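S.K.: Dropping the structure in here first, questions after.
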Amino acid sequence: MELGAQLDEAAIRRVRGSFERQGLMRHLGARMTDLRAGIVTLHLPFRAELTQQHGFFHAGGTAAIADSAGGYAGYTLFADGTEVLTTEFKLNLINPARGDLLEATGRVIKPGRTLTVCHLDVWAIAGETRIHCATGLQTLICVRADRADAAPTERG
7 MELGAQLDEA AIRRVRGSFE RQGLMRHLGA RMTDLRAGIV TLHLPFRAEL TQQHGFFHAG
67 GTAAIADSAG GYAGYTLFAD GTEVLTTEFK LNLINPARGD LLEATGRVIK PGRTLTVCHL
127 DVWAIAGETR IHCATGLQTL ICVRADRADA APTERG
């Protein structure tokens, strides 16, 4: 599939359904705003609870949405019956993350049968101003859905 191509409805449901099951993204208030083959964009609206001591978005929130944007960008290219896990990522924080929202985009740069590499960018948006605040690389692993059960489950 060509990067940036529109996804079919089944793929959209699979990716959005997985994203909606992420407790951390729900807790942070992140939402998926763009979903194409190999490219996903997430938005994280500003809230005081997401800041560090200087009032900027905390690096933890910035890293979390960068990781999820890349993870889902890769997942758009994975086959049915598989899941995505991050095996590593590096994020450079290059400007203070301040504004009305953060926008994280993950782009697949090297798809693979087992490992996929993504480029991550995060922009701080204040009105019409966009400031590039983070950039990085990520490696994902594609696992069979029945093998992803080693992940912790919700405890009752």
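Residue 27 in my numbering sits at position 21 of the sequence shown, with consecutive numbering throughout.
No residue lacks a Cβ here, since even glycine has one placed at the ideal position from N, Cα and C.
From a predicted model like this one, the values you see are computed outputs, not experimental measurements.
1) Going by DSSP, which residues form a beta bridge with Asp40?
2) Alpha helix (DSSP H) containing Leu34: first to last residue?
3) In terms of residue numbering, what span does the beta strand (DSSP E) encompassing Arg136 cover?
4) Straight-line CA distance for Ala79 to Asn101?
5) Quick one: give me the first and last residue of the alpha helix (DSSP H) that Glu26 is part of.
6) Hey, could you find the ends of the alpha helix (DSSP H) Thr68 is sitting in?
7) Determine the extent of the beta strand (DSSP E) in which Arg99 is found, giving its start and end residues.
8) Is the distance from the Cβ of Leu99 to the Cβ of Ala54 below 8 Å?
9) Under 7 Å Cβ to Cβ from Arg113, same chain only, skipping five residues before and after it: list those, please.
10) Quick one, are the C-beta atoms of Leu13 and Leu41 less than 8 Å apart?
11) Where does the unbroken beta strand (DSSP E) through His125 begin, and where does it stop?
12) Excluding the five sequence neighbours on either side, which residues of its own chain have a C-beta within less than 6 Å of the C-beta of Lys116, listed in chain order?
13) From the DSSP output, read off the bridge partner residues of Leu107.
14) Just to confirm before moving on: does the CB-CB distance between Gly35 and Leu50 stay below 8 Å?
15) At the level of alpha carbons, what is the spacing between Ala132 and Ser24?
16) Buried or exposed: which applies to Glu94, given that a residue is buried once 16 or more other Cβ atoms fall within 10 Å of its Cβ?
M.R.: According to the structure data:
1) Thr47
2) 29-34
3) 135-150
4) 24 Å
5) 15-26
6) 65-81
7) Note that residue 99 corresponds to Leu in the displayed sequence, not to Arg. Segment 88-99, the beta strand (DSSP E) holding Leu99.
8) no
9) Gly44, Ile45, Ala79, Cys124, His125
10) yes
11) 121-132
12) Val123
13) Pro51, Ile131
14) yes
15) 29 Å
16) exposed
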